[in-house]
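Presented below is the structure to which this report refers.
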Amino acid sequence: MSEPLVFLPGMMCDSRLFEPQIVEFSKERMVCVAPATGFDSIKGIASEILEKTPPQFILAGLSMGGIIAMEMVRQAPSRITKLILMDTNYKAELPEVSIKREQQIRAVKEGRLKEVMRNEIKPNYLNEGSEKEFILNLCMAMADNLGEQAFIDQSKALSFRYDQTETLKKVKVPTLILCGLNDRLCPIKIHEEISFLVKNSTLHIIPNAGHLPTLENPKATNGILKEWLM
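In this note's numbering, the protein residues as written are 16 to 245.
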């Protein structure tokens with residue numbers, strides 16, 4: 016049996032973010048999705064996941080999941096055999112974004128989670144395409160499933176995260192970096208910088224995709240993952 020593959024979802028997403036990948040790769044290896052919930056710090060979430068994962072595994076994180084993945088590498092580099100970073104950001108939060116998150120937290124505490132997700136967050140995630148409305152509705156369902164407290168905790172965790180430049184410089188394992196061609200949230204430039212920092216890395220740009228290529232273009236995403244994991 017091949018090495019286990021652990022996926023880490025983005026903000027207010029659950030295992031459905033990786034459904035096409037679970038279907039494809041569970042044929043050949045153990046695949047699991049670790050929830051990015053339960054703590055209001057990236058460090059806390061990463062530590063909790065490390066306590067519940069196999070001794071060694073392949074780690075794949077998208078967006079906030081990628082941020083958590085980098086922290087897991089920082090905490091336990093010997094446990095991760097391969098690293099996959101998708102549509103993510105290695106830098107600390109910008110002050111203006113932290114202010115925006117504070118406003119969103121206040122709105123969510125007032126019972127406006129659906130409004131915040133639909134109007135301010137998820138529309139920025141997706142590429143224009145025939146599946147956009149379906150994926151947006153799926154994102155809303157995932158957010159509704161996780162609920163208000165998860166939004167608050169994840170927003171705080173992202174606001175107070177720290178820069179992982181030094182972590183990336185120390186990565187020794189093979190690393191795959193993926194980015195949707197039209198990702199407005201975590202653009203290609205950031206992934207080019209990650210590729211520069213991680214010496215043993217490969218960068219692929221996914222066409223016809225924005226911030227969620229696992230759902231927007233699963234065929235291309237799975238094809239790259241499959242070839243790289245061989």
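Quick reminder that beta carbons are idealized off the backbone N, C-alpha and C, glycines included.
In this text, all values refer to a predicted model and were calculated from it rather than measured experimentally.
### Query
For L212 versus L183, is the C-beta distance shorter than 7 Å?
Translated into positions along the sequence shown, residue 212 becomes position 197. Translated into positions along the sequence shown, residue 183 becomes position 168. Yes, the Cβ-Cβ distance between L212 and L183 is below 7 Å.
### Query
Are the CB atoms of V48 and S30 nearer to each other than 7 Å?
Within the sequence shown, numbered from 1, the residue matching residue 48 stands at position 33. Within the sequence shown, numbered from 1, the residue matching residue 30 stands at position 15. Yes, the pair counts as a contact, with Cβ atoms nearer than the cut-off.
### Task
Might you give, ordered along the chain, the residues of its own chain that have their beta carbon closer than 6 Å to the beta carbon of G194, omitting 5 neighbours on each side?
Counted from its first residue, the sequence shown places residue 194 at position 179. This sequence places Cys at residue 194; Gly is not what is there. The beta carbon of C194 is closer than 6 Å to those of D102, I203, H206 and I220 in its chain, skipping five residues each way along the sequence.
### Query
Taking the C-alpha atoms as reference points, what is the distance between F149 and V123?
Within the sequence shown, the letter at position 134 stands for residue 149. Within the sequence shown, the letter at position 108 stands for residue 123. When rounded, the distance between both Cα atoms is 24 Å.
### Nonlocal neighbours in the same chain, by C-beta distance under 6 Å from L74, ignoring five residues either side
On the sequence shown, residue 74 is found 59 positions in, with the first residue counted as 1. Take L74, set aside five residues on each side of it, and the residues of its chain with a beta-carbon closer than 6 Å to its own are V21, A84, I95 and L98, in chain order.
### Integer-rounded CB distance, given that G80 should sit under 8 Å from G25
Translated into the one-based positions of the sequence shown, residue 25 becomes position 10. Translated into the one-based positions of the sequence shown, residue 80 becomes position 65. That pair is a contact at about 5 Å.
#### Entry: H226 in three-state terms, based on DSSP
Your numbering for residue 226 matches position 211 in the sequence shown. For H226, the secondary structure class from DSSP, reduced to helix, strand or coil, is coil.
### Message
Taking the straight line between their C-alpha atoms, what separation do you get for A91 and L65?
### Response
Start at 1 with the first residue of the sequence shown, and residue 91 comes out as number 76. Start at 1 with the first residue of the sequence shown, and residue 65 comes out as number 50. When rounded, the distance between both Cα atoms is 8 Å.
### Message
What does the Cβ neighbour count give for I57, buried or exposed, with the cut at 16 atoms within 10 Å?
### Response
Here residue 57 corresponds to residue number 42 of the sequence shown, with the count starting at 1. By the neighbour-count criterion, in which 16 or more other beta carbons inside 10 Å mark a residue as buried, I57 falls on the buried side.
### Query
How long is the line joining the alpha carbons of C28 and R133, rounded to whole angstroms?
If you number the sequence shown from 1, residue 28 lands on position 13. If you number the sequence shown from 1, residue 133 lands on position 118. Here the alpha carbons of R133 and C28 stand approximately 14 Å from one another.
#### Entry: Cross-strand partners of T190 (DSSP beta bridge)
In the sequence shown, the residue the question calls residue 190 occupies position 175. Beta-bridge partners of T190 (DSSP): L98 and S216.
### Query
Got a sec, what are the start and stop residues for the alpha helix (DSSP H) L183 sits in?
Counting from 1 along the sequence shown, the entry for residue 183 is found at position 168. T180 to K185 is the span of the alpha helix (DSSP H), which, as asked, contains L183.
### Three-state secondary structure (DSSP) of P233
Residue mapping note: residue 233 aligns to position 218 of the sequence shown, counting from 1. Helix, per DSSP.
### Query
Nearest-angstrom Cα distance between G238 and G162?
As a position in the sequence shown, residue 238 is number 223, starting the count at 1. As a position in the sequence shown, residue 162 is number 147, starting the count at 1. G238 and G162: Cα-Cα distance of roughly 33 Å.
### Task
Select from K214, K185 and L128 the residue whose C-alpha is nearest the C-alpha of N160.
One-based indexing of the sequence shown puts residue 160 at position 145. Answer by Cα proximity: L128.
#### Entry: Length of the line joining the Cα atoms of D198 and P70
Indexing the sequence shown from 1 puts residue 198 at position 183. Indexing the sequence shown from 1 puts residue 70 at position 55. Cα to Cα, D198 sits roughly 33 Å from P70.
### Message
Check this for me: beta carbons of Y140 and G225, under 7 Å apart or not?
### Response
Locating residue 140 in the sequence shown gives position 125, counting from the first residue. Locating residue 225 in the sequence shown gives position 210, counting from the first residue. Against a cut-off of 7 Å, the Cβ pair of G225 and Y140 comes out as a contact.
### Task
Spatial neighbours of T180 within its chain, please: CB distance less than 7 Å, with the 5 preceding and 5 following residues excluded, ordered by chain position.
Stepping through the sequence shown from its first residue, residue 180 is reached at position 165. Once the five neighbours on either side are set aside, the close Cβ partners of T180 are Y105 and L212.
#### Entry: Delimiting residues of the alpha helix (DSSP H) encompassing P69
Along the sequence shown, read from residue 1 onward, the residue named residue 69 stands at position 54. Going by DSSP, P69 is part of no alpha helix (DSSP H) at all; its letter is neither H nor E.
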